[in-house]
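Engineer: The following block contains the structure, expressed as structure tokens.
Numbering (the numbering used here), first residue to last: 15 to 74.
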């Protein structure tokens, strides 16, 4: 069962492996990469959000 979050404007999370972090946030919380900014430089954040658009996380 996925946790029910109400709203997170945005947070920055520093991770050792963005691919592993993306898998975890996608599978556990149901967050997906933002398609409109998927072309950020490799050193930039990987932006993910929920389907409702009220939870945004930047993975560095």
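Don't be surprised by glycine CBs; every beta carbon is placed ideally from N, CA and C.
Do residue 19 and residue 36 have their C-beta atoms closer together than 8 angstroms?
Structural biologist: No.
Engineer: Run the CB neighbour count on residue 22, radius 10 Å, all protein chains shown included, and call it buried at 16 or more, exposed below.
Structural biologist: Exposed, by the Cβ-count rule.
Engineer: Which term fits residue 71, buried or exposed, when burial requires 16 or more other beta carbons within 10 angstroms of its beta carbon?
Structural biologist: Under this definition residue 71 is a buried residue.
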